[in-house]
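Enquirer:
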Amino acid sequence: MEESYQKLIRGNKLFAETKLFQDPDYFKKLAEGQTPTYLWIGCSDSRVPANEITHTQSGEIFVHRNIANLVVHTDSNLLSVLEYAVNFLNVKHIIVCGHYGCGGVNAAMSNSFHGFVDNWLRNIKDVYHKHEKELAAIEDRTDRANRLTELNVIEQVRNLAKTTIVQKAWSERPLFLHGWVYGLNNGLVKDLAVIHDEGEDIDPIYRFDISKKTDHS
Ligand code: CO
7 MEESYQKLIR GNKLFAETKL FQDPDYFKKL AEGQTPTYLW IGCSDSRVPA NEITHTQSGE
67 IFVHRNIANL VVHTDSNLLS VLEYAVNFLN VKHIIVCGHY GCGGVNAAMS NSFHGFVDNW
127 LRNIKDVYHK HEKELAAIED RTDRANRLTE LNVIEQVRNL AKTTIVQKAW SERPLFLHGW
187 VYGLNNGLVK DLAVIHDEGE DIDPIYRFDI SKKTDHS
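Going by the working numbering, the sequence shown runs without a break in its numbering and finishes at 223.
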């Protein structure tokens, strides 16, 4: 136990030394502030680290992770991250990234009892219910879980589009929402091409009447 913990401390020293060797001002520059272009909403799964799988560096991606990459409109943690990323950091892209083989999606597809987390996973059960016809027609369980993973990402992107924060931003500037699914077995991202850049295709009941700014002065 002690050995596995110490590994992290040693790893951190190696990380800091390597960065300083490559650029003596590396941390000095990072300490001055962050201007990330992307907000990442991903799964907490240890195999899907945002920076590593996108080959990006510290400072490039603002990150929020939870079990099964959900955008829940009553989640004050997610909403705070979203508001800060959109209104203060002015990110241009928001990426919801799910992954095949997601334990949360698998659990939601089953009738097993896990405890409190089942209340969180209920959001995925709702996605299943919404797309039950399509999913029920898929015989193979893994194929069905894979499709539910994709549908879950698509619904979470839609949930983003329904927020006051995103709709307010759209009235003022470009902001792109993307849905991705990462393959644990090949390391590659599948872009689901569910890009939203305005509220036109949101069901009318979810649209807020925010007048577009015409004066950009
Ligand atoms: Co997952």
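The beta-carbon is built from N, C-alpha and C at its ideal position, and this holds for glycine as well.
1. With DSSP run on the structure shown, which of helix, strand or coil describes Phe27?
2. Check this for me: beta carbons of Leu166 and Ala175, under 8 angstroms apart or not?
3. Could you spell out the range, first to last residue, of the beta strand (DSSP E) harbouring Lys196?
4. Once you ignore the five residues that flank Gly107 on each side, which residues in its own chain have a CB closer than 6 angstroms to its CB?
5. Check whether the Cβ atoms of Val102 and Phe68 sit closer than 8 angstroms, and answer yes or no.
6. Take the Cβ of His79 as the centre, count every other Cβ of all protein chains shown within 10 Å, and call the residue buried at 16 or more, exposed below.
7. Taking only runs of the alpha helix (DSSP H) that begin and end inside the region 68 to 109, which ones reach a length of at least 4 residues, in chain order?
8. Considering only C-alpha positions, which residue in the set Gly121, Asp149, Leu154 is nearest to His137?
9. If you reduce the DSSP assignment to three classes, tell me which class Val111 lands in.
10. Mind reading off the beta-carbon distance from Val159 to Val187? Whole number of angstroms is fine, and I expect it under 8 angstroms.
11. In the DSSP assignment, find the alpha helix (DSSP H) that holds His184 and state where it starts and stops.
Expert: Let me spell this out:
1. Locating residue 27 in the sequence shown gives position 21, counting from the first residue. Phe27 falls in the helix class under three-state DSSP.
2. The sequence position of residue 166 within the sequence shown is 160, counting from 1. The sequence position of residue 175 within the sequence shown is 169, counting from 1. No, these two residues do not count as a Cβ contact at 8 angstroms.
3. Numbered from its first residue, the sequence shown carries residue 196 at position 190. Looking at the DSSP string, the run of the beta strand (DSSP E) that includes Lys196 is 195 to 197.
4. Position 101 of the sequence shown, counted from the start, is the residue given in the question as residue 107. Once the five neighbours on either side are set aside, the close Cβ partners of Gly107 are Leu190.
5. Residue mapping note: residue 102 aligns to position 96 of the sequence shown, counting from 1. Residue mapping note: residue 68 aligns to position 62 of the sequence shown, counting from 1. Taking 8 angstroms as the Cβ cut-off, Val102 and Phe68 do not qualify as a contacting pair.
6. By one-based count along the sequence shown, residue 79 stands at place 73. Under this definition His79 is an exposed residue.
7. 82 to 89
8. In the sequence shown, counting from the first residue as 1, residue 137 sits at position 131. Among Gly121, Asp149, Leu154, the Cα nearest to that of His137 belongs to Leu154.
9. By 1-based counting over the sequence shown, the position of residue 111 is 105. If DSSP states are grouped into helix, strand and coil, Val111 belongs with the helices.
10. Reading the sequence shown from its first residue, position 153 is the one you call residue 159. Reading the sequence shown from its first residue, position 181 is the one you call residue 187. Rounded, the Cβ-Cβ distance is 6 angstroms, consistent with contact.
11. Here residue 184 refers to the residue found at position 178 when the sequence shown is read from its first residue. Element bounds for His184: not the alpha helix (DSSP H) but the beta strand (DSSP E), 182 to 188.
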